[in-house]
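Protein chains in written order, with the working numbering: chain V, 662 to 736; chain C, 2 to 200.
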């Protein structure tokens, strides 16, 4: 899937991936998509809750070999 | 991009410092490790943070506080059902616990145990954070009470103090026990206590 901005949060522990995603989304226009790469297993639940709480859309949440990729659309 | 470079550098330092402090504690945190991780020179580090204490204060205010704000304070403040949101946050903490997170414990709790008895500046900042956390829970309880979801006889201040203390207690004790199972069990008891506040 296409994305507009990419955030590499690999190697970072909670709460850093969420804090960086929050900042990155602030800089994006509505409708644009942010791709986040992370390695913290807790990020799966955190991004789901974050999207629910902020109203941004979690388009996908995938894991391959211990790496997680999230696509968030700014609303 | 060039205009944002100082911010990017500062962020890089804070990320590396948070991880280093989280793993080793503040006093044992190595500036050399932080420099190695960021690829920066000592000069660049000192340009942003004149000394190690100032770096520690920034980690508390810009990572630990901001993290709690994003994961707990804001969701509680913006929720239509703050008590349910509080329980969801606690459930999520329990669900996502791993041997690694239990081994390292809670960054705030770690810093409180290590630094508060030794350094007034750290103690003040950590205390402010703890007060903000209690206030966020107290506000959530007060709102739920107003809406008739929490019993009228509940003392919101005392309940918030207990919830935050029990939460941090679960973090501290399970870190020592090195047990995800006991951590989850402890948070389940906390959830039971919150459930008991409902009208």
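Just so you know, even glycine gets a beta-carbon here, dropped at the ideal spot from N, CA and C.
Residue 723 of chain V has V/730 as its beta-bridge partners, per DSSP. In summary, the residues of the segment 708-719 of chain V whose CB is separated from some CB of chain C by less than 7 Å are 710 and 714, in the order they occur in the chain. Taking residue 10 of chain C as reference, the option from C/29, C/26, C/30 and C/43 with the minimal CA-CA separation is C/43.
The residue from V/725, V/724 and V/700 with its alpha-carbon nearest to that of residue 672 of chain V is V/700. The Cβ of residue 703 of chain V sits closer than 8 Å to at least one Cβ of chain C. Using a Cβ-Cβ cut-off of 8 Å, residue 678 of chain V does not count as an interface residue toward chain C, since no Cβ of chain C sits closer than that to its own. Scanning V/735, V/677, V/688 and V/736 for the CA closest to the CA of residue 702 of chain V turns up V/677. Among the residues of chain C, those whose CB is under 7 Å from the CB of residue 674 of chain V are 20 and 23, following chain order.
Look at the beta carbons and you see the segment 118-130 of chain C touching the segment 51-67 of chain C: at least three pairs across the two are nearer than 8 Å. In the DSSP annotation of this structure, the continuous segment of the alpha helix (DSSP H) that includes residue 174 of chain C starts and ends at 157-178. Comparing alpha carbon positions, the residue from C/173, C/143 and C/172 closest to residue 159 of chain C is C/143. Shortest Cα-Cα distance from residue 16 of chain C to any of C/29, C/28 and C/37 involves C/37. Secondary-structure assignment with DSSP links residue 696 of chain V through a beta bridge to V/667 and V/732. A distance below 7 Å between beta-carbons, with the five flanking residues on each side excluded, links residue 26 of chain C to the following residues of its chain, in chain order: 111 and 115. Counting C-beta atoms within 10 angstroms of its own C-beta, residue 194 of chain C has fewer than 16 neighbours from the protein chains shown and is therefore classed as exposed. Residue-level contact by beta carbon fails for residue 693 of chain V and chain C, as no gap is shorter than 8 Å. Between residue 53 of chain C and residue 32 of chain C, the C-beta spacing is below 8 Å. Rounded to whole angstroms, the separation of the alpha carbons of residue 185 of chain C and residue 71 of chain C is 22 Å.
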